[in-house]
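Sequence lines, in order, name chains B and G.
Per this note's numbering, residue 661 is the first one in the first sequence, and the count goes up by one each step.
Per this note's numbering, residue 661 is the first one in the second sequence, and the count goes up by one each step.
Worksheet: one structure, shown below.
Number of protein chains: 2
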Amino acid sequence: MIQSLTDSDREHLQEALNRSGQKVTAQRETVFSVLLAERDHPTVDEVFNRAREAMPGLSLATVYNCLETFVSCGLVRQVNHERESTRYCPNLAPHAHFRDKETGRVHDIELPPEVIKSLRSILPPGFDSEVIEISFLGRAQGTDKNSN
Amino acid sequence: MIQSLTDSDREHLQEALNRSGQKVTAQRETVFSVLLAERDHPTVDEVFNRAREAMPGLSLATVYNCLETFVSCGLVRQVNHERESTRYCPNLAPHAHFRDKETGRVHDIELPPEVIKSLRSILPPGFDSEVIEISFLGRAQGTDKNSN
DNA sequence: ATTGCGGATTAGACTCATTCTAACTGATTA
DNA sequence: TAATCAGTTAGAATGAGTCTAATCCGCAAT
Ligand SMILES: [Mn+2]
Ligand SMILES: [Mn+2]
Ligand SMILES: [Zn+2]
Ligand SMILES: [Zn+2]
């Protein structure tokens, strides 16, 4: 079930695309709405299959293009675990990812500023880092479809 | 220039292979010695090219096999950055990886126990993690070939 | 010494997520 | 209207990694 974007989400999309000189299109709205509808870190194929329900003519190439556009706009993060297919996450708050070994589900883990600081503090002098990626692998019990 | 294994490294290899019911072979010794010689997180192809100097008949398939064997023995860690080729690291101490955007070089960053604890502490109840992967992306100044 | 066994090695085929290419679409502008 | 140009599309190409099946080789039983 694909709901369309709220006004506020549509503005968010428009603002980010405009900022980087790109246009709002029906395909981009659809793909973005898929990401916002279920925040379960879908793969490209999962996004493709969900988006096709609302827009049957949509091509896989376009899904790749839209997701790449969103990443380059800073609207969406790529999430990689080992060598599996790339997943996509619209959560812009600083967070880590927890991969449940049993279910394969990926959960967001909030990242408090003091933990980020403690991580930066382990860098030797001369090392300057813009991006820190943290991923946990393990088991999460009692996580139903509402836990992200 | 491929130096052969020290006695202590050879024992380390033998012990880990025996423990998991696998054999020490000339190919495994060669590949392992390549990983120990330059701790620069080489890709499979880099390992292959270096190892062929000491053992010209060695095949790429065998390099893949050896590295997989080492990983399953706990002798070596796989290191992934985004979707790039997998790299291999023989450093068994808990550490994070720092990827230099300019040079592409991957550096080990020591991970003190209290930082690991602070990371584990951000997991909500019910989340149990065996593996934590941390990777930094940024620039490292003044890192010559001696810095790992 | 020969044989049989089983793990290891090898070349090459195959997979498949991702990237690339080139044609087409459709909105906007001259 | 015609030109322009970003975006979309189908399908081809790429390439890291995996799989397959043949061969090799060290070791132990005869
Ligand atoms: Mn990862
Ligand atoms: Mn990574
Ligand atoms: Zn996320
Ligand atoms: Zn390392």
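The C-beta atom is built at its ideal place from N, Cα and C for all residues, glycine as well.
8 Å is my cut-off, CB to CB: does residue i come that close to chain G?
i	result
leucine 783(B)	yes
valine 791(B)	yes
threonine 729(B)	no
threonine 703(B)	no
aspartate 669(B)	no
glutamate 770(B)	yes
arginine 743(B)	yes
leucine 720(B)	no
phenylalanine 708(B)	no
glycine 786(B)	yes
In this structure, how does DSSP classify residue i when only helix, strand and coil are distinguished?
i	result
isoleucine 782(B)	coil
valine 791(B)	strand
valine 736(B)	coil
glutamate 770(B)	strand
With a threshold of 8 Å between beta carbons, is residue i in contact with chain B?
i	result
glycine 802(G)	yes
glutamate 762(G)	no
valine 766(G)	no
aspartate 700(G)	no
asparagine 740(G)	yes
glycine 811(G)	An answer regarding residue 811(G) cannot be provided, because it is not within the stretch 661 to 808 covered by chain G.
valine 775(G)	yes
arginine 799(G)	yes
glycine 717(G)	no
leucine 779(G)	yes
serine 795(G)	yes
Open item on the list: Just to be sure I understand the criterion: a residue counts if its Cβ is closer than 5 Å to at least one heavy atom of ligand 3. Which residues meet that?
Closed with: Cys749(B), Asn751(B) and Asp768(B)
- [ ] Taking only runs that begin and end inside the region 666-730 of chain B, name each unbroken beta strand (DSSP E) of 3 or more residues, in chain order.
- [x] none
Open item on the list: Counting beta carbon pairs with one atom in the region 788-805 of chain G and one in the region 790-802 of chain B, are three or more of them shorter than 8 Å?
Closed with: yes
Open item on the list: For the pair the region 675-686 of chain G and the region 733-744 of chain G, tell me if three or more CB-CB distances fall below 8 Å.
Closed with: yes
Open item on the list: If contact is defined by three or more beta carbon pairs under 8 Å, each pair taking one atom from either stretch, is the region 686-696 of chain G in contact with the region 711-719 of chain G?
Closed with: yes
Open item on the list: Below 8 Å, how does it come out for the region 696-703 of chain B and the region 743-751 of chain B: are there three or more Cβ pairs, yes or no?
Closed with: yes
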